[in-house]
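Residues 77 to 478 in my numbering are what the sequence shown spells out, letter by letter. Note that the Cβ used here is the ideal one computed from N, Cα and C, for glycine as well. These numbers come from a predicted model, not from an experiment.
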Amino acid sequence: MTTSTIPLAERVRQIKASPTLAVDAKAKALKASGADVLNFSVGEPDFDTPEHVRAAGKKAIDDGFTRYTPVPGILELRQAICRRFAEDHGWRYEPDQIEVCCGGKQGLYNMAQALFGPGDEVLVPAPYWVSYPPIVQLAGATPVEVPLDEARDFDLDPAVLARYVTPKTRGIILNSPSNPTGSVFSAATLEAIGKMALEKGWIVISDDIYDTIVYGGEKLPHILDVDPRLGEQTLVLNGVSKSFAMTGWRIGYVAGPKHIIGAMNKIQSQSTSNPSSVAQKAALAAVTGPQDFPRTMRDAFVPRLEYIMQELASIPGVTCVRPKGAFYVFPNFSAYYGKSVDGKTIANSVDMADYLLDRALLATVPGAAFGADPFVRFSFATSMTIIEKGMQRLKEALAKLA
Ligand code: PMP
Ligand code: GLU
Numbered sequence: 077m078t079t080s081t082i083p084l085a086e087r088v089r090q091i092k093a094s095p096t097l098a099v100d101a102k103a104k105a106l107k108a109s110g111a112d113v114l115n116f117s118v119g120e121p122d123f124d125t126p127e128h129v130r131a132a133g134k135k136a137i138d139d140g141f142t143r144y145t146p147v148p149g150i151l152e153l154r155q156a157i158c159r160r161f162a163e164d165h166g167w168r169y170e171p172d173q174i175e176v177c178c179g180g181k182q183g184l185y186n187m188a189q190a191l192f193g194p195g196d197e198v199l200v201p202a203p204y205w206v207s208y209p210p211i212v213q214l215a216g217a218t219p220v221e222v223p224l225d226e227a228r229d230f231d232l233d234p235a236v237l238a239r240y241v242t243p244k245t246r247g248i249i250l251n252s253p254s255n256p257t258g259s260v261f262s263a264a265t266l267e268a269i270g271k272m273a274l275e276k277g278w279i280v281i282s283d284d285i286y287d288t289i290v291y292g293g294e295k296l297p298h299i300l301d302v303d304p305r306l307g308e309q310t311l312v313l314n315g316v317s318k319s320f321a322m323t324g325w326r327i328g329y330v331a332g333p334k335h336i337i338g339a340m341n342k343i344q345s346q347s348t349s350n351p352s353s354v355a356q357k358a359a360l361a362a363v364t365g366p367q368d369f370p371r372t373m374r375d376a377f378v379p380r381l382e383y384i385m386q387e388l389a390s391i392p393g394v395t396c397v398r399p400k401g402a403f404y405v406f407p408n409f410s411a412y413y414g415k416s417v418d419g420k421t422i423a424n425s426v427d428m429a430d431y432l433l434d435r436a437l438l439a440t441v442p443g444a445a446f447g448a449d450p451f452v453r454f455s456f457a458t459s460m461t462i463i464e465k466g467m468q469r470l471k472e473a474l475a476k477l478a
């Protein structure tokens with residue numbers, strides 16, 4: 077077939093395909109071709125979906141629960157999500173304040189489509205998760221990156237934030253614990269953001285997808301705990317992808333003011349109609365069943381985190397903020413930028429990730445994809461054996477650069 081000359085829409089030209097999914101696909105293709113690739117790229121738990129959740133999915137199929145569902149998701153699931161929020165956080169939501177969507181990613185997409193448009197600016201603290209800026213751009217709005225400082229453990233400095241606020245600012249996206257840094261926002265930071273949001277009438281998007289994977293015992297501060305009035309302008313995003321190892325089932329959910337959820341339902345009714353009926357039944361089992369699975373997973377991540385931090389600390393010139401949650405480390409490799417091997421100079425994080433993949437068969441995601449070029453992301457949601465081998469290869473590869 078000849079290459080088509082049919083022009084594509086401008087919005088497609090504005091964005092790149094998800095780099096996390098792209099590196100993962102490349103790593104899997106290399107592995108399938110026989111290469112011994114160690115995959116630290118995509119962020120998904122290396123656990124199977126719990127047995128009782130899988131059983132609920134199978135039962136849904138056998139019961140013939142295979143038709144369209146209500147657009148925002150089945151009532152039973154939305155009621156169960158309301159109970160979860162009430163039990164876990166003391167937040168009161170009604171089922172018509174909940175939208176169940178095809179993964180957290182579609183929840184964000186629906187929010188942006190429902191709320192933002194040309195001329196609007198949305199504050200995105202950087203390093204950010206790769207999909208925030210494109211999702212804002214696909215709505216015609218402008219993502220505005222607010223730099224987070226490694227020296228402050230990637231907590232947001234409200235004075236820095238204030239410099240990026242304009243009359244066009246419509247909202248802010250918060251992600252705590254963060255992908256890619258694992259950092260969390262402090263109570264003082266959230267207090268300052270909450271005050272600004274109330275004063276300016278911003279939409280606050282709180283992406284809490286990693287809130288069950290937290291290291292250290294203390295309770296995570298949350299923007300909704302700053303001032304009850306913030307409930308009127310905050311959208312909380314969560315889901316079962318990370319907490320119940322259900323990335324492929326595609327179930328996320330959003331809680332927020334009824335009229336915004338209603339607008340998001342309108343978008344959903346004209347795009348995906350509803351998330352998979354079978355996956356909703358499985359998610360119902362996850363949300364209503366025993367809640368120890370996320371903790372078991374978190375406990376399994378602890379020794380991996382400790383090992384990886386210890387290994388990174390032993391590499392000359394590398395710094396790495398200790399993650400407080402999620403399953404990523406985000407080491408700073410910039411001391412190696414400008415160095416060369418076999419006539420090739422590593423100029424930036426993309427070169428570094430390419431070098432690690434080509435020469436050490438280590439799949440990672442370059443910091444540039446997260447708006448932070450000094451860094452490279454490693455997911456440690458993978459086996460200890462792979463981590464041990466991977467850290468060895470990393471050390472050898474970096475030692476070759478001069
Ligand atoms: N937010 C963040 C920060 C994430 O890392 C992810 C992972 N893909 C998501 C949202 C969305 O997850 P999913 O669409 O798989 O529910
Ligand atoms: N959130 C995961 C990651 O950052 C999954 C891939 C994606 O959806 O971007 O790797």
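* Give me whichever residues DSSP pairs with Leu153 in a beta bridge. => According to DSSP, Leu153 bridges with nothing at all.
* To do: Measure the CB-CB distance between Ala473 and Leu432 and report whether it falls below 8 Å.
  => A contact, by the Cβ cut-off of 8 Å.
* Asked: Nearest-angstrom Cα distance between Ala202 and Thr372?
  -> When rounded, the distance between both Cα atoms is 30 Å.
* Any heavy atom of the ligand GLU closer than 7 Å to the Cβ of Lys181? -> Remark: the C-beta of Lys181 is in contact range of the ligand GLU, defined as less than 7 Å to any heavy atom.
* Asked: Measuring CA to CA, which of Gly195, Asp283, Gly270, Gly133 is closest to Ala215?
  -> Just measuring C-alpha positions, the residue of Gly195, Asp283, Gly270, Gly133 sitting nearest Ala215 is Gly195.
* Asked: When every heavy atom of the ligand GLU is checked, does at least one fall within less than 7 Å of the C-beta of Gly119?
  -> At least one heavy atom of the ligand GLU lies closer than 7 Å to the C-beta of Gly119.
* From the DSSP output, in three-state form, read off Pro370 for me. => Residue state, collapsed to three classes: helix.
* **Beta-carbon contacts of Leu437 that lie in its chain and below 8 Å, excluding the five residues immediately before and after** => Here the set comprises Leu106, Ala111, Asp112, Val113, Leu114, Arg469.
* Asked: Excluding five sequence neighbours on each side, which residues of the same chain lie with their C-beta closer than 7 Å to the C-beta of Thr245?
  -> Hits under 7 Å: Glu197, Leu199, Lys276, Trp278.
* Asked: For Leu482, is the classification buried or exposed, using 16 other Cβ atoms within 10 angstroms of its Cβ as the cut-off for buried?
  -> In this structure the chain extends from 77 to 478, so residue 482 is not present and cannot be described.
* Cβ-Cβ distance between Gly70 and Val129 below 8 Å -> This structure does not reach residue 70, given that the chain is present from 77 up to 478, and the question cannot be answered.
* Just the C-alpha distance for Ala358 and Ile174, rounded to the nearest angstrom, thanks. => Taking the Cα positions, Ala358 is about 17 Å away from Ile174.
* May I ask which residues mark the beginning and end of the beta strand (DSSP E) holding Ala362? => Looking at the DSSP string, Ala362 is not in any beta strand (DSSP E); the run it does join, the alpha helix (DSSP H), is 353–364.
* To do: Work out the CA separation of Met467 and Glu387 for me, nearest whole Å.
  => Cα-Cα distance, rounded: 7 Å.
* Say the cut is 7 Å; is the CB of Asn255 nearer than that to a heavy atom of the ligand GLU? -> The answer is yes for Asn255.
* Asked: Under 7 Å from any heavy atom of the ligand FMN, does the C-beta of Ile299 make it?
  -> This structure lacks the ligand FMN; the ligands present are the ligand PMP and the ligand GLU.
* **Whether Asp233 touches Gly270 by CB criterion (8 Å)** => Cβ atoms of Asp233 and Gly270: not closer than 8 Å.
* As assigned by DSSP and simplified to three states, the class of Thr461 -> Helix.
* To do: Would you list, in sequence order, the uninterrupted alpha helix (DSSP H) runs of no fewer than 4 residues that lie entirely inside the segment 425–457?
  => Contiguous alpha helix (DSSP H) elements confined to the segment 425–457 occur at 425–436, taking only those with 4 or more residues.
* Whose C-beta lies closer than 8 Å to the C-beta of Tyr144 among residues of the same chain, with five residues either side of it excluded? -> Closer than 8 Å at Cβ, skipping near neighbours: Ser349, Asn350, Ser353.
* To do: Measure the alpha-carbon distance for Arg380 versus Gly193 and round it to whole angstroms.
  => Taking C-alpha positions only, Arg380 is separated from Gly193 by approximately 42 Å.
* Is the closest heavy atom of the ligand PMP to the C-beta of Asn350 under 7 Å? -> Between the ligand PMP and the CB of Asn350, the shortest heavy atom gap is not smaller than 7 Å.
* **Close beta carbons around Arg154, own chain, < 7 Å, minus the five adjacent residues each side** => For Arg154, where only same-chain residues beyond five positions count, the Cβ hits under 7 Å are Pro148, Pro171, Ile174, Val176.
* Put Leu313 into one of helix, strand or coil per three-state DSSP. => It is a strand residue.
* Under the three-state DSSP convention, the category Gly338 falls into -> Helix at Gly338.
* Cβ-Cβ separation, Asn341 to Tyr329 (assumed contact under 8 Å), whole Å -> The pair is not a contact, with the Cβ atoms about 12 Å apart (cut-off 8 Å).
* Contacting residues, own chain, Cβ-Cβ under 6 Å from Pro297 (five flanking each side not counted) -> The answer, listed in chain order, is Ala263, Leu266.
* Asked: Residues bridged to Asp418 by DSSP?
  -> Its beta-bridge partners do not exist; DSSP assigns none.
* To do: Could you give the DSSP three-state label for Asp225: helix, strand or coil?
  => Under the three-state reduction of DSSP output, Asp225 falls in the coil class, being neither helix nor strand.
* **Identity of the residue in Leu311, Ser319, Asn424, Val280 nearest Gln367 by Cα** => Scanning Leu311, Ser319, Asn424, Val280 for the CA closest to the CA of Gln367 turns up Ser319.
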